[in-house]
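Just so you know, the protein sequences line up as chains A and B, in that order.
Using the numbering used here, you'd call the opening residue of the first sequence number 445 and step up by one each time.
Using the numbering used here, you'd call the opening residue of the second sequence number 442 and step up by one each time.
Virtual Cβ for every residue (Gly too), placed ideally from N, Cα, C.
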Amino acid sequence: MKQIESVWTPKISKLSNSEVSRWVRHLENWFNSEIEKFENGEVAGSTILVAYLASQALPDKRNVDWAGIIQEHLMLDGKALAYSEIYGQKLYKFDDQWQQFNVNSAYACWFIHFNEGLEVGKFVDQIAKKRQAGGLYFDQDTSPTTYRHRMKSEIAMSTAMSLDVLTQSDALPDSLRKESLAALVDPLAMPVLNYLSYEYFRSRAVFSLDPTLLDRQRIETLLTKCAQEIEFGWSDFVMSEKTNDYMGTATRVSRDKNIHSPLLGSMASWLMDHTCPEIMSESKSRLEKYVTHLGKPQSDIPAFKMRDLQFDFGSSVSGIELISATYLTSA
Amino acid sequence: MGVSYGRVNILSFLEEANGKVTGQVLTDAKIRWYEAEYDWVPEGDLIKIWKTSSPNNFFYMPQSIPLDFAMTAFFGLYSGDGSKGVDDRADPSRIRPNISFSQRERTLVKFALNCFETIFPVGVNFSFTLGEDSAYFMAGEGLERLRDYYLAKGELSWSTPKQLIDVRPRLDAADNRYLAETRQGIAGTSEEHLAFYYQHKSAMEEILATEKAADLESAGITLGANLKAVASLRRPFKKGAREMGRSSRSDELQMTGVGPAGELFLKIMHSIESSLAGDNAVSDFGLITWEAIPSSLGVDLDTKEFFQSSSWGQINSSRPNVEPDSPGWLLGRYPASSEVKLRAKVKLNLLWAYVSGLYLAEGSTPKSELFTMFTGPLRSPSLGFTSSEGTSIELLLRVLQSIFDKDKVVTSWKVKVGNQYFPELVVIGMKNAVPMLRGGNSGDGKLRTMEVSLAVKQWALEVASADLPGESLLSSVYGDRFSHVEPTGAGVARIDVTASAALCRWFFPLMMLCVFQELVDDPRTGFQL
């Protein structure tokens, strides 16, 4: 059975009809809703990638003209756009700022074309141009923020996606490969941070260049830390360790609660394969419990709250979360 | 005292509620409760009040306080700039209210002082505190002031740095915490900075206290036994100032003698706000009573006549051209400004008064310009408001809609998120399969990642409508004018609303009229500037 793997998800293969769980039904509803939006021209690089991944997992065959949707809504001057014009209208006075040519949109278009056996050259070129001095890949053109103020998770994600494209397309000369690897493992360029997703993407990037340079200790520390504050699964960071960027002192977080995430669970499942036997065993045991929890009818995918306010601060259930929940509970 | 439209009925409230005061406060997305039990005894027109648990710690209030425009505006002002209290150490879900008021603008300070003296007429001492980061005195203007101070005293070797051990032989817990903190990008060590602080503390305090006293005198506030000016120096770079010479000033009006009054004062403020928000003539337990439903009380204003003849209705000594438009509407234009559509008749009611006070506290407009605009230019007109509480935004929008074309009231709105919550924004991005792309050189511009902004928008719409009986105006009328999330500052996520700048020249005179009409006859000369 064909399997596909992106940096966002573990290997996905088509589910059989007998594997239809509650999460699969949610994923199907989400997928159908997204396809409807695509019909109306409301497309983003992020949404089309996740919809494509969903289509590869959902049991029923889906005939979608992915390349056609991309061509019609996400291409401009031969490059992949982050947002279609219709999508860009969802924010007021965003004007033409929706015309962003980002790493994640180039990755999305490359991934779909690559797995559909279509020509990918223009996306590989677009990604190659995102290389910055020092060997990392990120959207300096879209976001001119200085390196010091950029979210390091952004750099890790963008570099992981870029290297996935370039290594699979055999488009990364050895000298550039070495420079990128040096940056990824350099503690100044890519500092040691206690964010699970950051380490996941950084490690994926390192793994694509030289698996022997994975920092096992770092991974083990994070898998333990990010399991501390929640009953099931993993959080992305340790709430109680938040510090003020400026003073390095602890911030007041007593009213903030951490959340688990199936996406983080699937990231953890990749990371734990690169740990010592003891941590691997502990982590796999925790993963099993998490899967059991996700399998219960009343379990949910939570969103953050802003202190005492009851409303969801940001997303709870999303396409990539549903894919992760589906993958975890059917694996 | 102006026309009274209602009353704060303190004595009857205490009797009706058996002295029990309890309620909730929502500030900075924190919900905290408060509670107090009072005893009291009438003494003439006043009431002597104390907490049951502490009979020797009492304060006085009038049996009832008239609510005119000024007093109503004061509670709006306090709602914005006033302290609500601190977390109870044993129970962070509980707030221990205190009464103090943060405001630098001297006319507003005087206004607040007058109102406090009406509410607490006896036995209260006021201190006006000028707080500053001592980093201000390390370079630039602050260093020059320090030099002038020492030279005037003949102390020529003042600038020779002393060792921390000499100026502060015994460090306390706060000193040790300071030394343990790191401060990125600042020359010198924490030890050197702390030594500077202690070496020059007395001098810095005297400089600031003298400045504050002069400032207050110029506003007609005469210091004395129960009115003092004091300085409060923060250790260098502790909060706000991140460079030597930079100022991070905070001014407060603090009171002693009203410690136990915190819960009762909060209750009064909330009851006024809720009665206006709900348009109720009577609040809970009759604490607030209005002559009629609040929206019907006030002054009927002929807009054209106001802007063409009232001493309050002018900007920079010039008046606008105002012509009839469609029935019930006018078109007005100030010189060198855009045309604005406004209602021919406006009811300046108590909601106007409350919101005027609130806007004076929390609005984006520089306060000093509001007092000079009648005879001088309005240099950078802007009409914006930031809050993490939906009710405040709703009340402002209601007032603006009562005079302006609703389409012009909100040009756009956004959500600002402080760096404490950046990790959450990253996870939100990740849940949408995107990295968080910041904007601007320092990363505090418009977030480039649409998915994250859209994900937070729904939260903001729900916050805007929370505690309201129906959907908020921000959600129902302006929901589609959400522009972006802006990662900036340090604190909790808050909604930032921007109205058309052209409305400033019309709204501000009315706002100032609502607050100060009973205190100042002519705004061109009546504010001590």
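### Message
Short of 8 Å in beta carbon distance, which residues of its chain neighbour threonine 770/A, apart from the five on each side in sequence? Order them along the chain.
### Response
Leu459, Ser465, Trp467, Val468, Leu471 and Ala501
#### Entry: Span separating the alpha-carbon of methionine 814/B from that of proline 735/B
30 Å
### Query
Can you name, in chain order, every residue of its own chain whose Cβ lies under 6 Å from the Cβ of aspartate 972/B, other than the five neighbours on each side?
Lying before the first or after the last residue shown, residue 972/B is absent from chain B, which here runs from 442 to 970.
### Task
Would you mind reading off the limits of the beta strand (DSSP E) that contains leucine 664/B?
First-last for leucine 664/B: undefined, no H or E at that position.
### Query
Residues in its own chain within less than 7 Å of methionine 710/B by CB, not counting five upstream and five downstream?
Phe516, Tyr519 and Ser520
### Query
In the structure shown, what three-state DSSP assignment does leucine 620/B receive?
helix
### Message
Using a Cβ-Cβ distance cut-off of 8 Å, determine whether alanine 604/A contacts chain B.
### Response
no
### Query
By a C-beta neighbour count over all protein chains shown, 10 Å radius and 16 as the cutoff for buried, is arginine 592/A buried or exposed?
exposed
### Query
Out of Gly489/A, Gln570/A and Phe558/A, which has the shortest C-alpha to C-alpha gap to glutamine 531/A?
Before going further, note that residue 531/A is tyrosine rather than glutamine in the sequence given. Ranking Gly489/A, Gln570/A and Phe558/A by Cα distance to tyrosine 531/A puts Gly489/A first.
### Message
Report the CB separation of aspartate 756/A from tryptophan 900/B in whole angstroms; it is logged as a contact under 8 Å.
### Response
6 Å
### Query
Leaving out the 5 sequence neighbours to the left and right, which residues in its chain are closer than 6 Å to threonine 559/B when beta-carbon positions are compared?
none
### Message
Within 8 Å of any Cβ in chain B, is that where the Cβ of histidine 704/A sits?
### Response
no
### Query
Are the segment 622-632 of chain A and the segment 647-658 of chain A touching by the rule of at least three beta carbon pairs closer than 8 Å?
yes
### Task
Could you tell me whether the segment 491-498 of chain B touches the segment 552-572 of chain B, where touching means 3 or more Cβ pairs closer than 8 Å?
no
### Those residues which DSSP pairs with leucine 728/B across a bridge
Partner(s): none; leucine 728/B has no beta bridge.
### Query
Is leucine 635/B closer than 8 Å to leucine 605/B when the C-beta atoms are compared?
yes
### Per-residue DSSP class, three states only, for phenylalanine 863/B
helix
### Query
What does serine 925/B reach in chain A if we use C-beta pairs closer than 7 Å?
For clarity, residue 925/B is histidine in the given sequence; the question names serine instead. Near histidine 925/B (Cβ distances below 7 Å), the residues of chain A are Leu535.
### Query
Roughly how many whole angstroms lie between the Cα atoms of glutamine 533/A and methionine 595/A?
26 Å
### Task
Taking only beta-carbon positions, decide if glutamine 544/A is within less than 8 Å of chain B.
yes
### Task
Please report the residue range of the alpha helix (DSSP H) in which serine 894/B lies.
891-906
### Query
At least one CB of chain B closer than 8 Å to the CB of leucine 738/A: is that the case?
no
### Query
Is there contact between the segment 956-963 of chain B and the segment 828-835 of chain B, where contact requires at least three CB pairs shorter than 8 Å?
no
### Query
For threonine 730/B versus glycine 447/B, is the C-beta distance shorter than 8 Å?
yes
### Task
Indicate the three-state DSSP secondary structure (helix, strand or coil) for tyrosine 531/A in the structure shown.
helix
### Message
Applying the 10 Å Cβ sphere with the 16-neighbour rule, what's the burial state of valine 699/B?
### Response
buried
### Query
Quick check: the segment 499-513 of chain A against the segment 554-570 of chain A, are there 3 or more CB pairs under 8 Å?
yes
### Query
Are the Cβ atoms of tyrosine 581/A and serine 549/A separated by less than 8 Å?
no
### Query
What is the residue span of the alpha helix (DSSP H) that methionine 512/B lies within?
510-522
### Task
Give me the Cα-Cα distance between lysine 749/A and leucine 866/B, rounded to the nearest whole angstrom.
12 Å
### Query
If you scan the segment 649-727 of chain B from start to end, which runs of the alpha helix (DSSP H) of 4 or more residues do you find wholly inside it?
703-718
### Query
The beta strand (DSSP E) with isoleucine 448/A in it runs from where to where?
447-450
### Near-chain B residues of the segment 659-687 of chain A - C-beta to any C-beta below 7 Å
Asp680, Phe681 and Lys686
### Task
Kindly say whether arginine 839/B, judged by its beta-carbon, lies nearer than 8 Å to any beta-carbon of chain A.
no
### Message
Quick check: the Cα distance between glutamate 927/B and methionine 877/B, rounded to an integer number of angstroms?
### Response
11 Å
### Message
Assuming leucine 789/B is part of the beta strand (DSSP E), what are its boundary residues?
### Response
786-789
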